[in-house]
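So the structure is just underneath, and the comments pick up after that.
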Amino acid sequence: MRSRAVTALTGALALAIVSGCASGDATRSASRTVTYWLWDANQLPAYETCAQDFEKRNPGLDVRITQMGWNDYWTKLTASFIAGTQPDVFTDHISKFAQFADLKVLAPLDELPYTNKIEDSDYQPGLASAWTGQDGHRYGAPKDWDTVALFYNKEMAREAGLSPEELNNLTWNPEDGGTFEKAIARLTVDENGRRGDEKGFDPRRVKVYGLATNDAGDSDGQTHWSSFAASTGWHYTDKKTWGTRYNYDDPRFKETIDWYFGLAKKGYLPPQKDFSETNGPEVQFGSGTAATALHGSWMIQTYYGFKGVDAATARTPVGPTGKRATMMNGLADSITRNARNKEGAAKWVAHLASADCQRTVGRSGVVFPATKDGTDTAVRAYAEDGIDVDAFTEPVAEKATFPFPITDFGADVHGLMRPAMQDIYANDAPVDTLDRTNDQINLLLSQ
Amino acid sequence: MTVTSTASPPLSTAKSAVTRPLRRITRHRGDGALAAVFIAPALLGFLVFLLWPTLRGIYLSFTQFNLLTPPRWAGLDNYVRMVNDPVFWESLAVTVEYVVINIGVQTMAALAVAVLMQRLTRSALLRSVVLAPYLVSNVVAGIVWLWMLDTQLGIGNQIIGAFGFEHIPFLTDEAWAIPTIALINVWRHVGYTALLLFAGLQAIPGDVYEAAKVDGASEWRMFWRVTLPLLRPVLAVVLIMTVIGSFQVFDTVAVTTLGGPANATNVLQLYIYNSAFGRFQFGYASAMSVALLAVLSVITVIQYRMTRAGHTDLG
């Protein structure tokens with residue numbers, strides 16, 4: 000009995016050692032593969048096509064794509080850097096870029112073959128330069144861009160007597176909300192059928208909200224309050240990129256926030272408690288509990304894909320400065336510093352950033368590629384689907400966009416602003432509480 | 000294995016009396032080696048996955064560490080920051096609120112279920128049904144409840160609305176969120192806890208109940224005077240285990256509220272996780288983990304002493 004147990008144990012150990020060796024061999028022979036991670040499932044087919052083209056042109060190189068959801072993506076990426084199992088190439092977001100650059104986990108693309116030929120001028124203005132670190136090196140190859148616009152339910156707008164022209168030419172100010180507030184008040188309907196701008200409207204029993212909620216917006220408010228705040232001339236930081244001070248204590252910002260969350264008290268915006276991870280703005284819009292939603296161009300196919308809901312888009316309103324503003328953000332492909340196959344990775348990134356691959360992505364009509372040519376291809380693809388995307392592309396042509404804030408300590412800024420903004424939205428905390436949060440943030444940045 | 004060696008009856012001959020001590024010595028040495036082989040995996044696991052990480056965690060709590068560059072010695076900085084961090088104290092308070100509701104309700108419900116299983120039915124099917132929620136993973140349970148309790152779309156609120164009541168923001172309101180999460184976890188764990196207590200009830204001799212019945216005690220009185228006192232050691236161990244588990248609540252919060260709204264459900268484990276993996280402050284996160292370890296150790300010792308978990312009243 001004893002000897003049998005020992006034999007079994009030895010056997011198990013031997014098996015473990017053998018299988019350990021086997022997996023070790025697998026990684027060593029993997030130098031011909033390039034591993035690539037992305038989070039957007041909608042974009043996966045387009046990049047699979049790109050990978051096929053790439054493999055045809057580079058026989059022997061094999062691209063392995065892994066897709067996982069946004070939340071798991073960043074956790075897994077962090078863990079992979081620690082464990083040394085990071086992908087060779089991954090889709091990067093500007094909000095994470097500063098931190099990764101600071102942790103020195105990204106490879107400078109200007110020092111690698113193939114990617115050192117990437118030029119800023121090959122892409123829509125501002126997209127490539129955003130990925131230049133404070134050390135002057137390029138850490139991301141532009142892949143696509145997005146802006147924010149107002150999705151609206153055509154049927155509900157018609158019933159409210161609002162024409163597409165009116166909705167596309169709304170004005171806004173933080174005092175009375177301008178024609179934007181009038182429009183969403185008109186689109187709001189309570190359980191008795193009274194509209195938000197009618198006498199006897201009950202803001203506590205609302206059936207259809209004028210504007211969908213997407214929570215409090217954390218530190219960027221990209222699809223929440225950012226368009227309004229920026230149209231007052233406000234910007235997150237003292238400099239457009241790599242700012243050293245945040246401006247969440249600016250009176251223009253606080254007025255905007257006061258007005259924006261004030262909409263919930265008026266009944267035009269759902270209260271914070273109506274928002275949940277399962278009840279995002281697209282769900283509210285699709286289920287008919289919201290008439291409009293501010294959201295990004297990466298959601299176009301989702302908003303236009305709802306059965307029984309006829310969607311259209313309008314541009315963000317003209318603000319007190321007389322100009323519109325919408326956040327223009329772009330994703331990029333980054334190579335990890337310890338990539339197993341750096342040369343193959345550089346080749347793949349150069350291909351992803353090329354006109355060819357970006358045109359392929361454009362043809363799929365799910366996102367706007369970073370090259371001008373790719374963007375035009377995408378616009379045509381959307382048009383073939385009967386979707387007018389002017390509300391997203393016009394601001395770029397008119398330079399009515401502003402960038403995502405990029406600074407050091409991005410994760411800390413997010414960590415501090417998230418509860419602070421939720422406190423204002425959910426618990427009616429005064430906007431002046433932002434002064435203290437802003438001081439905390441600037442104290443961090445001054446270190 | 001030991002059974003086979005002790006089962007052989009000793010021979011009552013002079014010869015065997017001489018050889019026996021010798022044989023016993025060799026047998027013992029053999030058992031030791033075998034025991035080492037059997038203990039090795041558990042010991043290895045304990046050293047690699049528990050003792051070493053704990054010691055390293057304690058070391059890291061005295062450093063500034065972002066995981067990818069070497070740790071820098073920071074002395075007591077992290078602990079000073081922790082004591083002065085209002086978010087830490089809030090999250091500790093939120094965690095305590097969660098534990099009180101979770102353990103309070105769960106223990107009472109589990110005790111009731113266990114006693115009913117003991118006194119009313121012995122159905123194995125019923126026992127399986129009671130245990131079923133425990134077989135669901137925390138994340139799946141969290142997501143299912145998140146959907147069911149959604150303020151606007153959840154079936155729970157649709158039913159509440161159908162009766163003419165206002166929708167309840169179960170997981171999105173400051174006041175409701177923690178009790179809701181606590182009750183979701185009660186739902187998941189009550190069957191398991193009940194089963195542990197049920198096993199404890201099985202150990203209480205039936206004649207005690209018979210004697211009580213002869214004396215004319217009611218079921219209610221038997222519960223308070225017989226069941227509860229005799230169950231105390233098991234109940235104490237179950238309490239210690241569930242309280243420790245409860246303090247470490249994480250997954251349900253991570254899938255339902257992410258700590259919101261406005262930190263109302265920012266339990267300690269979530270704060271530790273976000274500090275470490277969100278903000279790369281592994282030194283500070285380690286300091287908070289050490290604090291949690293200290294809190295749990297103190298609570299466990301107090302519980303152990305107060306409930307006299309090591310002693311039984313069965314004579």
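Listed in order, the protein sequences are those of chains A and B. 22 is the number that numbering that gives the first Met the number 0 gives to position 23 of the first sequence; each next residue is one higher, with no gaps. 151 is the number that numbering that gives the first Met the number 0 gives to position 152 of the second sequence; each next residue is one higher, with no gaps. Note that beta-carbon positions come from the ideal geometry of N, C-alpha and C, so glycine has one too.
Item: Taking R323 of chain A as part of the alpha helix (DSSP H), name the residues at either end of that continuous run.; Value: Careful: R323 of chain A lies outside any alpha helix (DSSP H) and carries neither H nor E.
Item: For the region 64-75 of chain B, enumerate the residues whose C-beta is nearer than 7 Å to any C-beta of chain A, in chain order.; Value: N65, L66 and L67
Item: Taking Cβ-Cβ distances below 7 Å as the criterion, which residues of the region 165-180 of chain B are in contact with chain A?; Value: P168, L170, T171, D172 and E173
Item: Please classify P163 of chain A: does DSSP put it in a helix, a strand, or coil?; Value: helix
Item: Using a threshold of 9 Å, state whether the C-beta atoms of F408 of chain A and I386 of chain A are closer than that.; Value: no
Item: Can you find a CB in chain C that lies within less than 9 Å of the CB of G31 of chain B?; Value: Although the question refers to chain C, the structure presented lacks it and instead comprises the protein chains A and B.
Item: Rounded to a whole number of angstroms, what is the C-alpha to C-alpha distance between A109 of chain B and S226 of chain A?; Value: 53 Å
Item: For T5 of chain B, would you say it is in contact with chain A, using Cβ-to-Cβ distances shorter than 9 Å as the test?; Value: In this predicted model, T5 of chain B has a pLDDT of only 39, less than 50, meaning its place in the structure is not dependable; the value taken from the coordinates is given anyway. Not closer than 9 Å to any Cβ of chain A, the Cβ of T5 of chain B fails to qualify, so no.
Item: Find the residues of chain A that neighbour R307 of chain B, judging by a C-beta separation of less than 7 Å, and give them in chain order.; Value: Residues of chain A passing the Cβ test: none, with the nearest at roughly 39 Å.
Item: Could you confirm whether any beta carbon from chain B is found closer than 9 Å to the beta carbon of A4 of chain A?; Value: In this predicted model, A4 of chain A has a pLDDT of only 42, less than 50, meaning its place in the structure is not dependable enough to derive any value.
Item: First and last residue of the beta strand (DSSP E) that includes R63 of chain A?; Value: D61 to Q66
Item: Kindly indicate which three-state DSSP category N168 of chain A falls into: helix, strand or coil?; Value: coil
Item: Is E180 of chain A buried or exposed, if buried means 16 or more other CB atoms sit within 10 Å of its CB?; Value: buried
Item: Let's see if you can read the secondary structure: which residues bound the beta strand (DSSP E) around N152 of chain A?; Value: V147 to N152
Item: Show which residues of chain A have a CB atom less than 9 Å away from the CB atom of P52 of chain B.; Value: Within 9 Å Cβ-Cβ: nothing; P52 of chain B doesn't reach chain A, min ~14 Å.
Item: Going along chain B, which residues have a C-beta under 7 Å from K306 of chain A?; Value: Ordered by position in chain B, no residue passes the 7 Å Cβ test against K306 of chain A, which lies about 16 Å from the chain.
Item: Below 9 Å on C-beta distance, what does W144 of chain B contact in chain A?; Value: Within 9 Å Cβ-Cβ: nothing; W144 of chain B doesn't reach chain A, min ~11 Å.
Item: Under a three-way DSSP split, which group does H92 of chain A fall into?; Value: coil
Item: Going by C-alpha distance, which of A:Q271, A:T32, A:K253 and A:N278 is nearest P429 of chain A?; Value: A:K253
Item: In three-state DSSP terms, what is A21 of chain A?; Value: Residue placement at A21 of chain A is flagged as unreliable, the pLDDT there being 38, under the threshold of 50; the coordinate-derived value follows with that caveat. Helix, per DSSP.
Item: First and last residue of the beta strand (DSSP E) that includes Y35 of chain A?; Value: T32 to L37
Item: Please name the residue in A:W144, A:H92 and A:T74 whose C-alpha comes closest to that of T400 of chain A.; Value: A:W144
Item: Measuring CA to CA, which of B:L227, B:F61 and B:I57 is closest to Y208 of chain B?; Value: B:L227
Item: Looking at the strands, I want to know which residues DSSP matches up with G295 of chain A.; Value: A:V147
Item: Which residues in the same chain have their Cβ closer than 8 Å to the Cβ of S90 of chain B, if we skip the five residues on either side of it in sequence?; Value: N262, N265, V266, L267, L269 and Y270
Item: Could one say the Cβ of T62 of chain B lies closer than 9 Å to chain A's Cβ atoms, at least one of them?; Value: no
Item: Under DSSP, the alpha helix (DSSP H) around G373 of chain A begins and ends at which residues?; Value: K371 to E383
Item: For the pair the region 66-86 of chain A and the region 369-383 of chain A, tell me if three or more CB-CB distances fall below 8 Å.; Value: no
Item: What is the DSSP secondary structure of I334 of chain A, counted as helix, strand or coil?; Value: strand
Item: Would you mind stating whether A289 of chain A and Y302 of chain A have Cβ atoms separated by less than 9 Å?; Value: no
Item: Please give me, in chain order, every unbroken run of the alpha helix (DSSP H) with length at least 4 that falls completely inside the region 264-308 of chain B.; Value: 267-272 and 281-306
Item: Which term fits G220 of chain A, buried or exposed, when burial requires 16 or more other beta carbons within 10 angstroms of its beta carbon?; Value: buried
Item: Would you mind stating whether T335 of chain A and F89 of chain A have Cβ atoms separated by less than 9 Å?; Value: yes
Item: At a Cβ threshold of 9 Å, is Y259 of chain A touching chain B?; Value: no
Item: Compute the Euclidean distance between the alpha carbons of D217 of chain A and G329 of chain A, then round it to the nearest angstrom.; Value: 19 Å
Item: Looking at the strands, I want to know which residues DSSP matches up with A205 of chain A.; Value: Per the sequence presented here, residue 205 of chain A reads as Val, with Ala not at that position. According to DSSP, which records beta bridges pairwise, V205 of chain A is partnered with A:D189.
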